[in-house]
Amino acid sequence: MESRASATSADSDGRSRFIQRNDKVPCRVPSKHQHAVASPRLSLLAGFSTPNPIRVVNKPQPQETHEPVLAQDLAQSVVTDANGIYVDATFGRGGHSKAILEQLSETARLIGIDRDTDAVHSAITLEQRDSRFKFVNSRFSELRNVLDSMNIGSIDGICFDVGVSTPQLKNAERGFAFDLDGPLDMRMAQETGSPASDWINKASVEDLTQVLKLYGDVRSARSIARQIVSRRPLETTFDLVNAIRAATPSGATSAKVLSQVFQAVRIFVNDELNELKAGLSEGFDALAIGGRLAVISFHSIEHRLVRDAIRQWIRPSAPRGLPVRDEAPRARVVLKNVRPQYLEQRSNPASRSAMLQTTEKLR
Ligand SMILES: C[S@@+](CC[C@H](N)C(=O)[O-])C[C@H]1O[C@@H](n2cnc3c(N)ncnc32)[C@H](O)[C@@H]1O
């Protein structure tokens with residue numbers, strides 16, 4: 004199978020440099036990891052007008068729960084009209100959805116989106132309990148299609164809580180965690196694309212190095228890339244851990260390096276930064292005037308991408324050399340760089356790097 008990596012590219016504004024992936028690569032999952040679901044994106048969408056909009060997915064559901072981060076700050080900052088229409092673009096296990104629903108009246112609506120079919124189980128439970136809530140199994144970059152299919156023109160608020168959920172991390176079969184042995188998969192939607200091992204076993208040292216540097220800030224990226232290539236094929240998470248250990252002086256392989264490498268591969272495999280960029284743009288476009296967009300991001304490259312998007316809405320920049328048109332801002336900042344308080348960080352260590360930004364659309 005061909006490699007999915009290619010050269011790093013610059014966007015038209017020349018500022019963001021995301022590695023391009025070829026999404027047309029067919030799904031090739033080793034049969035022992037194949038699940039009973041083969042739903043294409045938006046597969047659950049068609050049922051929205053029916054009384055039972057969610058297709059029951061015949062797969063084991065992880066029991067782990069997810070502790071939502073900054074839930075009250077997010078919900079209170081995003082809801083401005085208790086009767087409005089809202090979107091939780093990263094439903095997960097529904098922690099933020101529940102916090103938002105608490106702010107809404109009986110006539111309001113909340114649409115939950117998640118690309119992972121493992122989120123469906125919690126979504127069904129919430130749908131059955133609360134008729135204001137509907138779930139769609141999709142990527143948030145498809146927001147416009149999701150809204151069109153529900154005849155929704157504009158929304159009053161949208162939130163993103165990016166990254167992976169605790170249930171995804173704690174399920175060894177998903178391959179996200181360096182401390183659990185499992186297939187080297189790392190896909191957020193296991194029905195699409197191909198597992199991380201496909202790319203890792205084909206990519207050049209150059210591509211591997213670039214991904215580790217760009218998406219993980221990995222210092223010893225090149226030596227880790229060389230070890231990966233010399234030890235192929237890598238099939239499991241522990242194969243990858245062993246390659247990382249072999250590339251770093253004995254005893255010096257910290258959890259930080261392991262998590263940086265896993266993060267980098269995960270971001271690449273799921274095309275997360277292009278997704279986030281597209282999702283923010285779709286989300287902002289879908290907002291009614293006065294509507295709000297809230298994002299919780301977890302690491303520096305995400306923080307930067309979110310701040311850049313917000314800056315563009317507030318003060319659009321022209322390509323270098325061209326004059327900037329003096330236009331009124333399209334957005335204003337509601338919350339900037341909000342971090343979890345000490346007590347939340349202590350009770351939920353996963354929240355420590357979280358940062359919340361909320362923006363309001365002005366025009
Ligand atoms: C940190 S978790 C969200 C947890 C959620 N806020 C809660 O309280 O349970 C991130 C979720 O976003 C989903 N996700 C990540 N990228 C996505 C995308 N591009 N489109 C839709 N869902 C995405 C993941 O599958 C995961 O379930």
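The numbering of the sequence shown is our numbering, which starts it at 4 and goes up by one.
Ideal Cβ placement from N, Cα and C applies to all residues, glycine included.
Can you find a heavy atom of ligand 1 that lies under 7 Å from the Cβ of S168? As a first step, residue 168 must be located in the sequence shown, where it is residue number 165. Answer for S168: yes, Cβ within range of ligand 1.
Count the other C-beta atoms from every protein chain shown that fall within 10 angstroms of the C-beta of L207, then say buried if there are 16 or more, exposed otherwise. Counted from its first residue, the sequence shown places residue 207 at position 204. A quick correction: the sequence has Ser, not Leu, at residue 207. S207 should be labelled exposed.
Beta strand (DSSP E) runs wholly inside the segment 285-310, at least 3 long, in chain order: 290-300
May I have the straight-line CA-CA distance separating L2 from L365, to the nearest angstrom? Limits of the chain in this structure are 4 at one end and 366 at the other, which puts residue 2 out of reach.
Pick from N204, K205, M189 that is closest to P198, judged by C-alpha positions: Counting from one through the sequence shown, the residue named residue 198 turns up at place 195. Considering only alpha carbons, the answer is M189.
Do you know how far the Cα of I114 is from the Cα of R349? Mapped onto the sequence shown, residue 349 falls at position 346. Mapped onto the sequence shown, residue 114 falls at position 111. Taking the CA atoms as reference points, R349 sits about 31 Å from I114.
For L261, which of helix, strand or coil comes out of DSSP? Taking the sequence shown and counting its residues from 1, the one referred to as residue 261 is at position 258. Here L261 sits in helix by DSSP.
How about H306: is its Cβ closer than 7 Å to a heavy atom in ligand 1? If you number the sequence shown from 1, residue 306 lands on position 303. Not under cutoff, so the answer is no.
Which residue wins for smallest C-alpha separation from A249, given the options I158, E347, I292, R225? Locating residue 249 in the sequence shown gives position 246, counting from the first residue. With distances taken between Cα atoms, A249 lies closest to R225.
Between which residues of its own chain and F287 is the CB-CB distance below 7 Å, once the five residues before and five after are set aside? Indexing the sequence shown from 1 puts residue 287 at position 284. Result list for F287: L296, W316, K364, in chain order.
Nearest candidate by alpha-carbon position, reference K339, set G219, D119, S300, S152: Translated into the one-based positions of the sequence shown, residue 339 becomes position 336. Measuring from the Cα of K339, the nearest candidate turns out to be S300.
Considering only heavy atoms of ligand 2, does any lie closer than 7 Å to the CB of T93? In terms of ligand content, the structure shown lacks ligand 2 and carries ligand 1 instead.
State the Cα-Cα distance for the pair A78 and D91, rounded to the nearest angstrom. For the purposes of this step, residue 78 is taken as residue 75 along the sequence shown, with counting starting at 1. For the purposes of this step, residue 91 is taken as residue 88 along the sequence shown, with counting starting at 1. Approximately 10 Å between the Cα atoms of the pair.
Please say whether D119 and M191 have beta carbons closer to each other than 8 Å? Within the sequence shown, the letter at position 188 stands for residue 191. Within the sequence shown, the letter at position 116 stands for residue 119. Yes, the pair counts as a contact, with Cβ atoms nearer than the cut-off.
Report back the beta-carbon spacing between H124 and G98 to the nearest angstrom; my notes put them in contact at under 8 Å. Reading the sequence shown from its first residue, position 121 is the one you call residue 124. Reading the sequence shown from its first residue, position 95 is the one you call residue 98. Between the beta-carbon of H124 and that of G98 there is about 15 Å, and that puts the pair past the 8 Å contact cut.
Please list, in chain order, all residues of the same chain as L237 whose beta carbon is under 7 Å from its beta carbon, the five residues on each side excluded. Taking the first residue of the sequence shown as position 1, residue 237 is located at position 234. For L237, where only same-chain residues beyond five positions count, the Cβ hits under 7 Å are L187, S200, I203, N204, I231, L243, A246.
Between N174, Q213, V149, which has its C-alpha nearest Q193's C-alpha? Working through the sequence shown from its first residue, we reach residue 193 at position 190. Closest option to Q193, Cα to Cα, is N174.
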